[in-house]
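Data first, discussion second: the structure below is written as structure tokens.
Numbering (the working numbering), first residue to last: 306 to 568.
Pasting the structure below:
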């Protein structure tokens with residue numbers, strides 16, 4: 306980025322300037338995490354970026370930035386970018402941009418050559434909230450699900466809020482809409498629902514279709530009938546005894562994949 310462009314950024318109205326810098330910091334954080342070269346990660350450019358917004362940041366954040374500007378350290382660069390980024394989210398009311406998440410220190414080869422467990426499918430029945438369907442996609446991709454089937458009344462994972470929640474995973478895991486009658490017939494059906502067998506005593510199959518329903522209504526009677534005796538419950542001990550469908554799904558998938566991986 307040329308110096309003249311920094312000059313232009315500095316002359317923008319405050320709100321617009323904050324949003325522009327925020328998107329730059331998102332890009333730089335992504336480059337750091339993925340270990341990509343980016344000229345803006347150079348100390349010279351980073352100082353100019355931070356100086357564009359330092360006077361508008363909360364006092365604590367501003368103090369941290371000034372410390373970094375006085376004594377820049379490469380091992381602190383990602384942290385300071387992340388800190389300023391989140392301060393700008395609050396200032397602007399913006400939401401995170403969509404980008405596919407690669408965790409810090411993750412093996413890049415493993416991220417490319419991921420493991421998929423054959424004949425492990427998910428059927429999401431009538432999930433209506435973007436956050437939940439996005440969370441389901443993110444978890445399913447993380448645990449090597451082969452494919453996700455969505456009921457006709459599920460919200461689209463392509464909606465902006467769902468894609469944000471999925472952190473880019475909608476593009477990495479196959480999915481399609483199917484009615485419950487159109488699901489594969491030759492695989493075990495499992496229902497994650499209240500009133501079933503405790504997950505600790507469940508005998509996980511080596512393949513199958515896990516059905517998950519909405520938080521409000523749960524799974525339909527038709528779905529529960531297909532599962533027969535394979536209805537699994539996660540025991541809870543708090544006053545509310547209630548967890549988010551995405552959290553419940555993550556607990557189940559970790560147990561299932563752990564059992565398969567042992568074989």
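The beta carbon of each residue, even a glycine, is placed where N, CA and C say it ideally should be.
If you count every other CB in all the chains shown that lies within 10 Å of the CB of residue i, and 16 or more means buried, which is it?
i, result
"residue 457", "exposed"
"residue 312", "exposed"
"residue 431", "buried"
"residue 470", "buried"
"residue 535", "buried"
"residue 315", "exposed"
"residue 482", "exposed"
"residue 420", "exposed"
"residue 472", "buried"
"residue 366", "buried"
"residue 541", "exposed"
"residue 549", "exposed"
"residue 515", "buried"
"residue 552", "exposed"
"residue 530", "exposed"
"residue 544", "exposed"
"residue 435", "buried"
"residue 310", "exposed"
"residue 462", "buried"
"residue 528", "buried"
"residue 342", "exposed"
"residue 433", "exposed"
"residue 429", "buried"
"residue 437", "buried"
"residue 546", "exposed"
Do residue i and residue j have their C-beta atoms within less than 9 Å of each other?
i, j, result
"residue 493", "residue 513", "yes"
"residue 444", "residue 320", "no"
"residue 388", "residue 369", "yes"
"residue 442", "residue 474", "yes"
"residue 379", "residue 331", "no"
"residue 532", "residue 486", "no"
"residue 425", "residue 446", "no"
"residue 496", "residue 524", "yes"
"residue 626", "residue 345", "The chain is shown only over 306 to 568; residue 626 falls outside these bounds and no answer can be derived."
"residue 453", "residue 489", "no"
"residue 466", "residue 505", "no"
"residue 507", "residue 567", "no"
"residue 374", "residue 395", "no"
"residue 377", "residue 348", "yes"
Can you tell me which residues form a DSSP beta bridge with residue i?
i, result
"residue 398", "Beta-bridge pairing links residue 398 to no other residue."
"residue 430", "518"
"residue 523", "519"
"residue 513", "425"
"residue 389", "In DSSP, residue 389 forms no bridge with anything."
"residue 450", "422"
Among the options, which has the Cα closest to the Cα of residue i?
i, options, result
"residue 323", "476, 511, 566 and 392", "392"
"residue 565", "449, 462 and 427", "449"
"residue 350", "363, 333 and 362", "333"
"residue 327", "362, 459 and 500", "362"
"residue 509", "538, 384, 464 and 376", "538"
"residue 511", "476, 563 and 460", "563"
"residue 358", "336, 318 and 377", "318"
"residue 384", "460, 546, 335 and 459", "335"
"residue 397", "459, 325 and 364", "325"
"residue 558", "329, 427, 477 and 382", "427"
"residue 459", "329, 476 and 484", "484"
"residue 382", "502, 464 and 340", "340"
What are the start and end residues of each continuous alpha helix (DSSP H) run of 4 or more residues lying completely inside the segment 452-510, in chain order?
-> DSSP runs (the alpha helix (DSSP H)) wholly in the segment 452-510: 465-471.
Taking the runs of the beta strand (DSSP E) that are 3 residues or longer, which of them lie wholly in the segment 526-564?
-> DSSP assignment within the segment 526-564 yields the following whole beta strand (DSSP E) runs of 3 residues or more, N-terminal first: 536-538.
Can you check the segment 342-371 for any alpha helix (DSSP H) of at least 4 residues that lies completely inside it and give the ranges in chain order?
-> Runs found: 348-358.
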